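S.K.:
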């Protein structure tokens, strides 16, 4: 029966090419626009570390003075050096890392290369196991290297390609800011999206090229990048940030079970109380412990314009669907005579209904295919934009499937009302008027 | 107008189609109004002047490598000298930032040394006596910096500036009663006053995000040459010689000192490129919204044509009867136009409410202003005209149905 309905549908669609083209085009445009924007939204709100993100948490403390205090306001989004170091050394989590962004002048030994600046991350040893960074060669550094302010460095694959032609460079020397660093590891391609561990660097920035111990970076006074908030008479003097009342570091912990999460939260509250007793903290205890995905929400990582575009496209799709409903209604009712004959010859309402739904399904499928092509075109346009997420806009299997389901599903939905109206035709009345 | 009653009676027999057209008009109006409003807002931002004369202007970003931060002062001096000697260069200044660059300094300022809260938020530019000339700022009152006022300073330990130049917007904010020239300003948490020695007509901040809208023209210039490895050179070329300077300037800098990094991406740009880059997102959004509006209107028009054509086909017999009973072609045309107008009015009435509701929702979700009613009004008129235009062709066809149709049975 399905084959017959399909044949009927194609005949009917061919009979009025303009109307068919209009319906397919409307669906295609709506689907194309929606899928382009939804794909961008899907990519941007994705999980940066699938599998590991559920055990990563971002603690927040409130070390500020009472100036401008309001109860229950969100604590600062970064930590001070003192708190960061205290929490790091407490080792209460399964893994913990303290970090900030920076830029280092790289002085290549090769004479053909001019010196250049690389984005860097100053962090502690747990960074690599905690974020499960893939290593091409070598490994991260040890906690002892952190303590000893060792001159060690982990570099990215692209920097390794640039300086060492992609060969295993572990054990070699890298000169940065007139200091020799020993390369201990080379990371493989690693670009978590969003750049979750430090959203000051641009939410979809690529990951850094140089990783070195935080203590080493501070000792050498390497340039720091990122935001810093100070209070009281905190001047933000770069050479003395260790004692300044300023937050400028990110602190991440890995907690493998819900019990540990609860314990860690209690530990943070305890720590705050302790610091208050010591007179370092002044505000009432106000601690937060957000999961990775929650942290991205709090930071509103997905750009407003992208969400706005997605809503706009969905609105657009809705208008296209309403339009299709109207056109299909006109088309089906115009064939009242033909349908009346079919009914008189014994087709049940259900069969006529099925026949009409097959016809709208065909329109939906055609619209979906064209819409998919439009979405590919749209994403190509998005990739040509200058935004830092542009390169990420690709259609994956999930979205591909979603496109078809959305196209066919919404057109079938759009076909329901016209098909139902058309089945209500009384055969006798139609036959009489012929 | 006498026809309204029969039209309403006829529409009651086509409830589904009528509702669909009205709904489509309403949704289109709501989306188009909000999209046009967003376009208007974005274009307003893109056109915002910086206060500088932007032709013949270019910028170079440079960072010294292998020199200690506090020893860069003579290097910057040598750079400036080399750039000034280039034949096509009119003036050069070394700055911490410039309008639309995307990164810079900002601080609160007070007019009362004891005040706890700042009176205005402003950006800080650090430059020498060439700043005004290079930027091409229009000095309204007072004077430019003198060469002997310029201090060399470490960005971490900034001295208090005795003299500053402010934008008119900042002067008006600090001293609303006027006469800001010669008055004191306390920058950040400084205890010593800086005196306003000059007021320029306009000078924008280095950023263009919506968060700067509240202080977009609040700027002050301090007579300080920052001693830092990182600096931005703003260069004014002699009229018509920008293209030559664009090539010669970076080459001259590398010749003076090779131990530097000029980023290959956006390290050397004309100001037109700076502006284009800064507003690329806004421009893209405006274009996208524009395309969506056009396509939406086209689809709605096509929908109206399609459905009305069907109605015309369905009513050929009735039209024939009316024509046989004496209705003129004009009457039939009028009938379909009025019918469409009635549906359109219902649609735009709902649509106007939807548009306002949608805007209120957008305001809560995104940084957006309230929709001005002018946009709704324009949208309403546009959609009613569009409806009339779309219905014209089917209505004309209807009016040409001959009276003899009444006697045919098919």
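Chains as they are written, first to last, in our numbering: chain A, 445 to 878; chain B, 264 to 673.
Glycine included, C-beta positions come from ideal geometry on N, C-alpha and C.
Predicted model, so just to flag it, every value in this text is computed and none were measured.
Who are the neighbours of residue 284 of chain B on chain A, taking C-beta pairs under 8 Å?
M.R.: The answer, in chain order, is 770.
S.K.: Hey, is residue 776 of chain A's beta-carbon within less than 8 Å of any beta-carbon in chain B?
M.R.: For residue 776 of chain A, the answer is no, since every Cβ of chain B falls outside 8 Å of its Cβ.
S.K.: For residue 558 of chain B, would you say it is in contact with chain A, using Cβ-to-Cβ distances shorter than 8 Å as the test?
M.R.: It does: the Cβ of residue 558 of chain B has a partner Cβ on chain A nearer than 8 Å.
S.K.: Who are the near neighbours of residue 671 of chain A in its chain, counting only those whose CB is closer than 7 Å to its CB and skipping five residues on each side?
M.R.: The residues are 644.
S.K.: If we ignore side chains and look at the alpha-carbon of each, how far apart do residue 492 of chain B and residue 854 of chain A end up?
M.R.: Cα to Cα, the separation comes out at about 59 Å.
S.K.: Write down every uninterrupted run of the beta strand (DSSP E) in the region 665-738 of chain A whose length is 3 residues or greater and which is fully enclosed by it, in chain order.
M.R.: Segments of the beta strand (DSSP E) lying fully in the region 665-738 of chain A: 667-669, 694-698 and 732-735.
S.K.: List the DSSP bridge partners of residue 327 of chain B.
M.R.: Its beta-bridge partners are B:523.
S.K.: Quick check: what's the CA-CA separation for residue 760 of chain A versus residue 648 of chain A?
M.R.: C-alpha separation (whole angstroms): 28 Å.
S.K.: Could you tell me which uninterrupted alpha helix (DSSP H) segments, each at least 4 residues in length, are contained entirely in the region 272-321 of chain B, listed from first to last along the chain?
M.R.: For the region 272-321 of chain B, whole alpha helix (DSSP H) runs of length 4 or above, ordered along the chain, are 278-309.
S.K.: Indicate the three-state DSSP secondary structure (helix, strand or coil) for residue 473 of chain A in the structure shown.
M.R.: Correct three-state label for residue 473 of chain A: helix.
S.K.: Does the count of Cβ pairs from the region 844-852 of chain A and the region 274-293 of chain B closer than 8 Å reach three?
M.R.: Output reads no: the region 274-293 of chain B does not touch the region 844-852 of chain A.
S.K.: In the structure shown, what three-state DSSP assignment does residue 673 of chain B receive?
M.R.: Bear in mind that the predicted position of residue 673 of chain B carries a pLDDT of just 48, short of 50, making it unreliable; the figure below should be weighed with that in mind. Looking at residue 673 of chain B - three-state DSSP - the assignment turns out to be coil, as it is neither helix nor strand.
S.K.: Can you find the residues in the same chain that come closer than 8 Å, C-beta to C-beta, to residue 473 of chain A, ignoring five residues on each side of it along the sequence?
M.R.: The answer, listed in chain order, is 760, 764, 815 and 818.
S.K.: Would you mind stating whether residue 292 of chain B and residue 608 of chain B have Cβ atoms separated by less than 8 Å?
M.R.: No; because the gap between Cβ atoms is not below 8 Å, this pair is not in contact.
S.K.: Determine whether the Cβ of residue 419 of chain B lies closer than 8 Å to any Cβ atom of chain A.
M.R.: At least one chain A Cβ lies under 8 Å of residue 419 of chain B.
S.K.: What residues from chain A crowd round residue 565 of chain B, counting only those whose CB sits closer than 8 Å?
M.R.: By Cβ distance, chain A contributes 466, 470 and 767.
S.K.: Where does residue 496 of chain B sit, in a helix, a strand or coil, going by DSSP?
M.R.: Reduced to three states, the DSSP call for residue 496 of chain B is strand.
S.K.: From residue 315 of chain B to residue 535 of chain B, what does the alpha carbon distance come to, in whole angstroms?
M.R.: Roughly 12 Å separates the two Cα atoms.
S.K.: What is the rounded straight-line gap between the Cα of residue 832 of chain A and the Cα of residue 599 of chain B?
M.R.: Near 53 Å, if we compare the C-alpha coordinates of residue 599 of chain B and residue 832 of chain A.
S.K.: Does DSSP put residue 563 of chain A in a helix, a strand or coil?
M.R.: In this structure, residue 563 of chain A counts as strand in the three-state DSSP scheme.
S.K.: Find the nearest neighbour of residue 607 of chain A within the set A:640, A:593 and A:562, judged by alpha-carbon distance.
M.R.: Residue 607 of chain A has its Cα closest to that of A:562, out of A:640, A:593 and A:562.
S.K.: Within the 8 Å Cβ cut-off, does residue 264 of chain B reach chain A?
M.R.: Legend: pLDDT at residue 264 of chain B = 49, less than 50; position of this residue unreliable, no value from coordinates given.
S.K.: In chain B, which residues lie less than 7 Å from residue 561 of chain A when you measure between Cβ atoms?
M.R.: Those are 326 and 524, listed as they occur along chain B.
S.K.: Residue 376 of chain B: buried (16+ other C-beta within 10 angstroms of its C-beta) or exposed?
M.R.: The residue in question, residue 376 of chain B, is exposed, as its Cβ has fewer than 16 Cβ neighbours within 10 Å.
S.K.: Short of 7 Å in beta carbon distance, which residues of its chain neighbour residue 333 of chain B, apart from the five on each side in sequence? Order them along the chain.
M.R.: Excluding residues within five positions, the ones whose Cβ falls inside 7 Å are 417 and 490.
S.K.: Starting from residue 551 of chain A, find everything on chain B with Cβ-Cβ shorter than 8 Å and list it in chain order.
M.R.: Ordered by position in chain B, the residues that pass the 8 Å Cβ test against residue 551 of chain A are 328 and 329.
S.K.: If you draw a straight line from the C-alpha of residue 695 of chain A to the C-alpha of residue 331 of chain B, how long is it?
M.R.: Roughly 30 Å between the two C-alpha positions.
S.K.: Please check if any C-beta of chain A sits within less than 8 Å of the C-beta of residue 668 of chain B.
M.R.: No, residue 668 of chain B does not count as interfacial toward chain A.
S.K.: What is the rounded straight-line gap between the Cα of residue 507 of chain A and the Cα of residue 571 of chain A?
M.R.: Whole-angstrom Cα-Cα distance: 24 Å.
S.K.: Quick one: Cα of residue 689 of chain A to Cα of residue 498 of chain B, how far?
M.R.: Cα to Cα, residue 689 of chain A sits roughly 39 Å from residue 498 of chain B.
S.K.: According to DSSP, is residue 573 of chain A part of a helix, a strand, or is it coil?
M.R.: It is helical.
S.K.: Helix, strand or coil for residue 264 of chain B? Go by DSSP, reduced to three states.
M.R.: With a pLDDT of only 49 at residue 264 of chain B, under the threshold of 50, the placement of this residue in the model should not be trusted; the figure read from the coordinates follows. Coil.
S.K.: Determine, for residue 831 of chain A, whether the minimum Cβ-Cβ distance to residues of chain B falls below 8 Å.
M.R.: True, the Cβ-Cβ gap to chain B drops below 8 Å.
S.K.: Quick test of your reading: residue 699 of chain A and residue 511 of chain A, contact by CB under 8 Å. State the CB separation rounded to the nearest angstrom.
M.R.: With 8 Å as the limit, residue 699 of chain A and residue 511 of chain A do not qualify as a contact, their Cβ atoms being about 33 Å apart.
S.K.: Any idea which residues DSSP pairs residue 540 of chain A with across the strands?
M.R.: DSSP, once it has assigned bridges, lists A:697 as partnering residue 540 of chain A.
S.K.: Look at the alpha carbon of residue 475 of chain B and the alpha carbon of residue 514 of chain A, and state the distance between them as a whole number of angstroms.
M.R.: Those two C-alpha atoms are separated by around 25 Å.
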